[in-house]
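If you count by my numbering, then the sequence shown holds residues 135 to 438, one letter each, in order.
Ideal Cβ placement from N, Cα and C applies to all residues, glycine included.
The structure displayed is predicted, hence computed values, not measured ones.
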Amino acid sequence: MNTASEQTTTYQLIDGKKTAEDIKIEIAAEVEKLKTSGQKVPHLAAILVGHDGGSETYVRNKVLACERVGYGSTLLRYEDTITEAELLAKVEELNQDPEIDGFIVQLPLPRHIDPEKVIEAIRPEKDVDGFHPMNIGRMVTGLPALLPATPSGIVELLKRYQIKTSGKHCVVIGRSNIVGTPVSILLAKNLEPGNCTVTLCHSRTANLAEITRQADIVVAALGRPEFVTGDMVKPGAVVIDVGTTRVEDASRKSGFVLKGDVNFAEVAPLASYITPVPGGVGPMTIAMLLLNTLRAAKGEVYPK
Ligand code: GUN
């Protein structure tokens, strides 16, 4: 068990907000180059179904980010009464639209719509979320692919902060298709960053804390506020917090506070590096989505 006396490290904050801004500046310069050479600027579309507060914020930020870097953007909003067949028809319209280089369907979807069916209907070359089985399969086998944005954002943070990963033990908590499973695959690959020994933990894992205490790198992506406590982390570990749960807080104007999956106050003093919430992994997801849109527009993965 870690005690207060073991809190010897001075942690470094991994500033995802600043890193995402840097990436957006790099992308904006690329867009300028495309413009001056008379080429089409990338165009991202987003489909938002219903009125989930979190989804509304994410999608609004995605559209704003497009404007920031000089992309075209389209937001298509539908009520949660839309049928699955109607939504699939909208997806097909975007598949066929030559102006749209990439698009996303914001998740979660209402219960009467099968998200897998919708994701599979997106043409892989326009799947800038990197969720289509074709992109996942290509990622797993090491072929060029549009990579899921949050996992590739985590890898990019490790790279830009020059955090050593080769031979390290990375423990991922949470096995979602969006984050936990793909990040565990990427970090195990023979790549730099990568070459980790990865343990993927989930809700049925026995003796979780015993495993997380062995981690050089902890990726918390289970969606339970402040789940990772000080006694679960080895001193000197790198801690990546993917959680963004809205927790009611009457003292805030918004009525909620955003909580990560890590108890920051307890864990930060033990960590060598840690991502804050907000301002850590979240902004990187959007930056990597923009990067995927640029790659889709250029036909980098699937030549046009
Ligand atoms: N919901 C939560 N994260 C994501 C994401 O990265 N993409 C989409 N489409 N929906 C999400």
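Just the C-alpha distance for residue i and residue j, rounded to the nearest angstrom, thanks.
i: A179; j: S388; result: 27 Å
i: S318; j: G416; result: 18 Å
i: S139; j: P316; result: Model confidence at S139 stands at a pLDDT of 48, short of 50, so the residue's coordinates are unreliable; what they give is reported in the following sentence. C-alpha separation (whole angstroms): 36 Å.
i: K151; j: P412; result: 9 Å
i: P403; j: V313; result: 26 Å
i: L233; j: A431; result: The question names Leu, but residue 233 is Glu in the sequence shown. Taking the straight line from one Cα to the other gives about 10 Å.
i: V262; j: T208; result: 14 Å
i: K393; j: G377; result: 7 Å
i: A255; j: M422; result: 22 Å
i: A349; j: R257; result: 38 Å
i: I159; j: K293; result: 18 Å
i: A354; j: D375; result: 5 Å
i: D248; j: E227; result: 19 Å
i: R309; j: H336; result: 6 Å
i: A405; j: L291; result: 16 Å
i: G370; j: T217; result: 50 Å
i: G433; j: I157; result: 20 Å
i: I148; j: E190; result: 26 Å
i: N426; j: G172; result: 21 Å
Residue i: which of the options sits nearest, CA to CA?
i: V352; options: I297, L342, I159 and V306; result: V306
i: D231; options: E220, E259 and L280; result: E259
i: L277; options: K323, I238 and P242; result: K323
i: D383; options: I345, L210 and V391; result: V391
i: K298; options: A283, T331 and T215; result: T331
i: E400; options: V376, R386, T378 and M366; result: M366
i: T153; options: G433, D248, Y295 and D375; result: Y295
i: L210; options: A219, V193 and K302; result: V193
i: K174; options: D235, G364, P242 and L424; result: D235
i: L168; options: P437, L428 and K438; result: L428
i: K224; options: G370, I161 and I181; result: I181
i: P267; options: N311, K302 and P244; result: N311
i: G187; options: T379, P410, Y205 and K302; result: T379
i: L424; options: T144, D156, A199 and S189; result: A199
i: Q146; options: A283, R245, G414 and E220; result: G414
Just to check, is the beta-carbon of residue i closer than 6 Å to a non-hydrogen atom of ligand 1?
i: I270; result: no
i: I247; result: no
Look at residue i and residue j and say whether their C-beta atoms are less than 7 Å apart.
i: V165; j: V203; result: yes
i: S300; j: N341; result: no
i: I408; j: V373; result: yes
i: V396; j: V435; result: no
i: I253; j: F237; result: no
i: P327; j: V289; result: yes
i: D214; j: V183; result: yes
i: I345; j: N195; result: no
i: P285; j: L320; result: yes
i: H246; j: G206; result: no
Consider the Cβ of residue i: report whether some Cβ of chain D lies at a distance smaller than 7 Å.
i: V415; result: No chain D appears in the structure shown, which is made up of a single protein chain.
Quick one: is the Cβ of residue i within less than 6 Å of any heavy atom of ligand 3?
i: L291; result: With respect to ligand 3, the structure shown offers nothing to examine, as its ligands consist of ligand 1.
Closer than 5 Å to ligand 1: residues, by C-beta to nearest heavy atom, in chain order: Selection output, chain order preserved: I238, Q240, L241 and D263.
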